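See structure below.
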Amino acid sequence: MAYDVAVLVGSLRKGSFSRAVAENLATLAADKLALRIVEIGDLPLYNPDLEGDAPPAAWAKFRSEIAGADAVLFVTPEYNRSVPGLLKNALDVGSRPYGHSVWKGKPTAVVSVSPGLLGAFGANHHLRQSLVFLDMPPMQQPEAYVSKIGDILDKDGKLMSEDTKSFLNGFLAAFATWIGKHK
Ligand code: FNR
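Following the working numbering, the numbering of the sequence shown begins with 66 at its first residue and continues without gaps.
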């Protein structure tokens with residue numbers, strides 16, 4: 066059976082390039098991995114004071130959606146050379162209460178996306194720093210920096226570039242192998 070992979074997208078924008086890439090990845094992965102996007106836009110900002118008997122329902126739902134996954138894939142743009150606050154908040158919510166992190170041991174990989182040339186390198190690497198700390202084995206190779214994304218999606222958000230599709234297929238195959246090793 067295909068591994069169940071929770072996908073977190075670091076953008077809330079309706080026309081988000083990152084979400085389009087995540088959706089293309091889900092299609093490309095179909096025979097290898099079952100990718101499902103876990104929504105993170107309604108998570109209240111992390112505040113330890115809200116833990117206790119009745120933490121926000123959105124936190125509880127999110128934590129159980131991640132806990133049930135075999136692996137986690139991040140697809141993110143770069144904000145100011147780092148990880149969008151939206152995504153960092155989701156990492157923080159999942160990491161608490163102390164000792165009950167839902168991230169621990171989950172194999173993970175990062176796809177960073179930008180309309181510019183640098184492929185959101187800064188976000189990709191800042192994210193890896195947190196993933197290592199959270200004790201998630203991050204796939205080292207291949208790395209995925211998807212640049213000039215605005216030039217390779219059609220008007221429906223489908224990837225037009227055969228080179229990019231082929232690269233992402235290889236990335237997904239490597240991730241399936243990585244999950245098998247670390248699950
Ligand atoms: C950006 N953008 C951006 N791009 C980049 O390559 N490096 C950066 O540091 C930033 N910084 C940044 C900050 C903020 C607050 C915004 C809103 C945008 C541009 C960004 O890559 C572009 O808007 C993407 O289209 C955002 O991704 P989605 O929403 O299309 O997935």
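Even glycine gets a Cβ: it sits at the ideal position worked out from N, Cα and C. All figures in this text were calculated on a predicted structure; none of them were measured in a lab.
Cβ of residue 161 versus every heavy atom of the ligand FNR: is any distance shorter than 7 Å? no
Within the same chain, show all residues whose beta-carbon is closer than 6 Å to that of residue 134, passing over the 5 residues directly before and after it, in chain order. 69, 71
If you scan the stretch 123–193 from start to end, which runs of the alpha helix (DSSP H) of 4 or more residues do you find wholly inside it? 150–159
Might you give, ordered along the chain, the residues of its own chain that have their beta carbon closer than 6 Å to the beta carbon of residue 60, omitting 5 neighbours on each side? This structure gives no information on residue 60, because the portion of the chain shown stretches from 66 to 248.
Relative to the C-alpha of residue 213, which candidate in 184, 230, 117 has its C-alpha closest? 184
Are the CB atoms of residue 77 and residue 152 nearer to each other than 8 Å? no
Opening and closing residue of the beta strand (DSSP E) in which residue 98 lies: 98–102
Can you find the residues in the same chain that come closer than 6 Å, C-beta to C-beta, to residue 138, ignoring five residues on each side of it along the sequence? 70, 72, 174
Selection from 234, 147, 216, 182 that minimises the alpha carbon distance to residue 210: 182
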